[in-house]
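Please read the structure below before turning to the comments.
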Ligand code: CA
Ligand code: CA
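Residue numbers (our numbering): 138 to 302.
What follows is the structure, given as structure tokens:
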């Protein structure tokens with residue numbers, strides 16, 4: 138991968154986390170993501186699934202901040218993301234899976250309306266679109282994945298964010 142391609146991918150990953158688009162990643166981005174998923178799947182914040190999603194989002198934020206927020210100002214800048222998160226997650230994808238798992242678990246249980254333990258492609262597409270992924274990319278990704286289980290989502294998620302240089 139040339140450096141322009143690498144930069145483009147990193148920018149896309151950063152934008153995925155920066156849900157409100159204000160130029161840094163903070164706790165609000167994670168609660169924004171949780172709220173968007175709840176709205177998409179028609180689940181209230183105070184329901185059991187809603188509570189699980191918000192607590193997963195908080196754990197995800199804490200984990201990311203622990204890895205990347207070097208100056209401790211509760212914001213992860215693009216520089217902190219590139220220098221901290223991307224490198225450390227690439228070195229240790231299992232760590233990333235660990236911090237993302239409660240949020241992804243809760244998100245999957247929202248999307249898995251019938252509790253079958255796997256999520257169909259159209260449900261994956263709805264979740265991705267709710268998180269701001271472009272419609273075309275969301276559709277292609279969902280079709281490529283087919284019905285997914287939690288382990289598959291975790292490993293797809295980890296490989297998406299652990300961008301090779
Ligand atoms: Ca933000
Ligand atoms: Ca910071």
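Each residue gets a CB set at the ideal place from its N, CA and C atoms; glycine is no exception.
This structure is a prediction, so every number in the text was calculated from the model and none was measured.
When the cut-off is 7 Å and only beta carbons count, does residue 202 lie next to chain D?
-> Absence of chain D from the displayed structure is noted, only one protein chain being present.
beta-carbon residue 206 near ligand 2 non-hydrogen atom, thresh 6 Å | yes
Flag this pair as touching only if the stretch 152 to 169 and the stretch 188 to 204 have three or more C-beta atom pairs under 8 Å; answer yes or no.
-> yes
Mark residue 299 as exposed unless 16 or more other C-beta atoms lie within 10 angstroms of its C-beta, in which case mark it buried.
-> buried
Rounded straight-line distance, which links the Cα of residue 241 to that of residue 288 | 10 Å
Residue 151 and residue 215: beta carbons closer than 7 Å?
-> Going by C-beta atoms, residue 151 is nearer than 7 Å to residue 215.
Can you check the stretch 216 to 258 for any alpha helix (DSSP H) of at least 4 residues that lies completely inside it and give the ranges in chain order?
-> 224 to 228 and 230 to 248
Have a look at 172, 179, 210 and 291 and flag the residue whose alpha-carbon is nearest the alpha-carbon of residue 250.
-> 179
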